[in-house]
Amino acid sequence: GRAYMTEKLYYDDPFLFEFNATVTEVTENGVVLDRTAFFPEGGGQAGDRGTINGIEVSDTKTVDGKIVHFITSPLPLGAEVLCEVDAKERFRKMQHHTGEHIVSGLAWREYGLTNVGFHLGDEDMTLDFDKEPTEEELLRIERMANEAVAKDIAVETDFPSPEELADIEFRSKKELTDAIRIVTIPGYDVCACCAPHVRSTGQIGQIKLLDRVRWKGGVRIHAKCGFAALDDYNDKYANVKKISASLSAKQSEAAKAVERLAEELREVKAKNAELSKQIATLRAQSAEPTDGNLLFFIDGADADILRLTVNEAMEKCSGVCAAFSGGDGTGYKFVAASKNGGMREFSKKMNEALSGRGGGKDDMIQGSVGCSRKEIEDFFCTVKEKERQTV
1 GRAYMTEKLY YDDPFLFEFN ATVTEVTENG VVLDRTAFFP EGGGQAGDRG TINGIEVSDT
61 KTVDGKIVHF ITSPLPLGAE VLCEVDAKER FRKMQHHTGE HIVSGLAWRE YGLTNVGFHL
121 GDEDMTLDFD KEPTEEELLR IERMANEAVA KDIAVETDFP SPEELADIEF RSKKELTDAI
181 RIVTIPGYDV CACCAPHVRS TGQIGQIKLL DRVRWKGGVR IHAKCGFAAL DDYNDKYANV
241 KKISASLSAK QSEAAKAVER LAEELREVKA KNAELSKQIA TLRAQSAEPT DGNLLFFIDG
301 ADADILRLTV NEAMEKCSGV CAAFSGGDGT GYKFVAASKN GGMREFSKKM NEALSGRGGG
361 KDDMIQGSVG CSRKEIEDFF CTVKEKERQT V
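So for the sequence shown, the numbering used here puts the first residue at 1; every next one is plus one.
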């Protein structure tokens, strides 16, 4: 059959969310319609979702120049269908996309920053600029963008003729070949753009610039507009409320309270480390001298404590002095040493007998073993000690 050019209803009325259409083509997992208010993926924005005759539309994309509505179960060619765009989702995107125009227009006008990338997904909007603005500059752009919202300026869209276009200065992210649609927010931005926008800037609501990261020599800014910004505020407010309540601090002083807590924690950890060292030293000093091996199991000890214990206690034994930390399910970390050397050779035997991994110098080795405490004790227990234990 002859190819149909889908009539793009979203250009005439971005707020048309319910419409009737006819299926003009059936593709592998979607349909083409004679007219649609579903905006296909484009210009950094994800495609619209919704339903056709109650069947879920999971995505809308332009494929080989045709607008394809991806559906979860098939529809016949020629079917007369009732279509509904997910209005809430689409309005969220329109708030964001129009907000992006204002921010990018201001960034360009005020600081010569060029928008080189834009992405609007389900959760997030990102704007990429070719240079890195300062914190102050971004705050100023955000303030001015929200002033533009407050002015409730009508958003103008137009398809100028090639002659008219020659006289218009507009932003564009790529070389454009089709009929060019110019979106104008008077006093703020003129940009070539194919996406639906709100009717006037007041419908955007709040514009909030959030995190930013360095990106390809410039900056990538995360932002939220309208109801998404409100949701983000509510989420962060709930977090601050919880933090301030648990620290018995005013909400406006929650960050200071967290810093105080972190400082206290650092002090406690330092004291703790000092006490652990003292205990390790005392434990080593109070060990009975032996001709055999000397073994320590220390709960929750790190490598430093194990090393300290072994260094302090190795003079007490003629054999190997070893300190272990861990558990039967998780394995044990160890440090082992001998005043008589020979630890490299010992390490090989120990690794083999105790499923160990480790090594070191001839006077000291360290590593881990994957066995039980009993197996460690049996391996280190000399004949003399066995006799002594059974007495």
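Where is the CB? At the ideal position from N, CA and C, for every residue including glycine.
Asked                                                                                                                        : Found
Cα-Cα separation between TRP108 and TYR11, rounded to whole angstroms                                                        : 26 Å
Residue environment, THR36, which counts as buried when at least 16 other CB atoms sit within 10 Å                           : buried
Identity of the residue in CYS321, ASP362, PHE296, SER368 nearest GLY331 by Cα                                               : SER368
Exposure of THR134, with buried meaning 16 or more beta-carbon neighbours within 10 Å                                        : exposed
Nearest to LEU461 (by Cα), restricted to the options LYS277, SER286, LYS271, ALA323                                          : The requested residue 461 does not occur in the structure, where the chain is confined to residues 1 to 391.
ASP59, DSSP secondary structure in three states                                                                              : strand
Identified DSSP bridge partners for MET125                                                                                   : LEU120, ALA223
Delimiting residues of the beta strand (DSSP E) encompassing SER368                                                          : 364-369
Test item: CB-CB of MET343 and ASP362 under 7 Å                                                                              : yes
Complete runs of the alpha helix (DSSP H) confined to the segment 337-361 [at least 4 residues]                              : 343-353
LEU275 (DSSP reduced to helix, strand or coil)                                                                               : helix
Collapsed DSSP secondary structure at ALA192 in the structure displayed                                                      : strand
Own chain partners of GLY121 with C-beta closer than 8 Å, once the 5 adjacent residues on each side are dropped              : ALA46
Rounded Cβ spacing between THR22 and GLU80 (contact assumed at less than 8 Å)                                                : 6 Å
Which of helix, strand or coil DSSP assigns to GLN285                                                                        : helix
CA nearest to the CA of SER318, picked from ALA229, GLY326, ASN340, VAL258                                                   : ASN340
Closest Cα partner of GLY42 within the set LYS131, THR281, LYS61                                                             : LYS61
Beta-carbon contacts of MET314 that lie in its chain and below 8 Å, excluding the five residues immediately before and after : LEU294, CYS321, ALA337, SER338, LYS339
Coarse secondary structure for PHE379, derived from DSSP in three states                                                     : helix
Short Cβ contact (7 Å threshold) for HIS119 with GLY44                                                                       : yes
Selection from ASN20, ASN311, PHE227 that minimises the alpha carbon distance to ALA280                                      : ASN311
Proximity of ALA301 and SER286 at Cβ, strictly below 7 Å                                                                     : no
With 16 other Cβ atoms within 10 Å as the buried cut-off, status of GLY99                                                    : buried
Per-residue DSSP class, three states only, for PHE19                                                                         : strand
Three-state secondary structure assigned by DSSP to THR390                                                                   : Bear in mind that a pLDDT of 36 at THR390, under 50, signals an unreliable position, so the number given afterwards is only what the model happens to contain. DSSP places THR390 in helix when its eight states are reduced to three.
Beta-carbon proximity list for SER355, same chain, < 8 Å, skipping 5 on both sides                                           : VAL369, GLY370, CYS371
Distance between LEU127 and GLY359 (C-alpha atoms, nearest Å)                                                                : 51 Å
Coil, strand or helix - VAL198 by DSSP                                                                                       : coil
Close Cβ partners of TYR111 (< 7 Å) along its chain, the five nearest in sequence each way excluded                          : PRO133, GLU137
GLU394 - DSSP class collapsed to helix/strand/coil                                                                           : Residue 394 lies beyond the residue range present for the chain, which begins at 1 and ends at 391; the question has no answer from this structure.
Check whether ASP232 and LYS224 have beta carbons under 7 Å apart                                                            : yes
Meets three-Cβ-pair contact criterion under 8 Å: the segment 247-265 and the segment 143-157                                 : no
Endpoints, alpha helix (DSSP H) assigned at THR309                                                                           : 303-313
Of the listed residues ARG212, GLY65, VAL149, nearest to PHE129 (C-alpha basis)                                              : ARG212
For ARG49, the three-state DSSP class (helix, strand or coil)                                                                : coil
Beta carbon of ASP48 nearer than 7 Å to that of ARG92                                                                        : no
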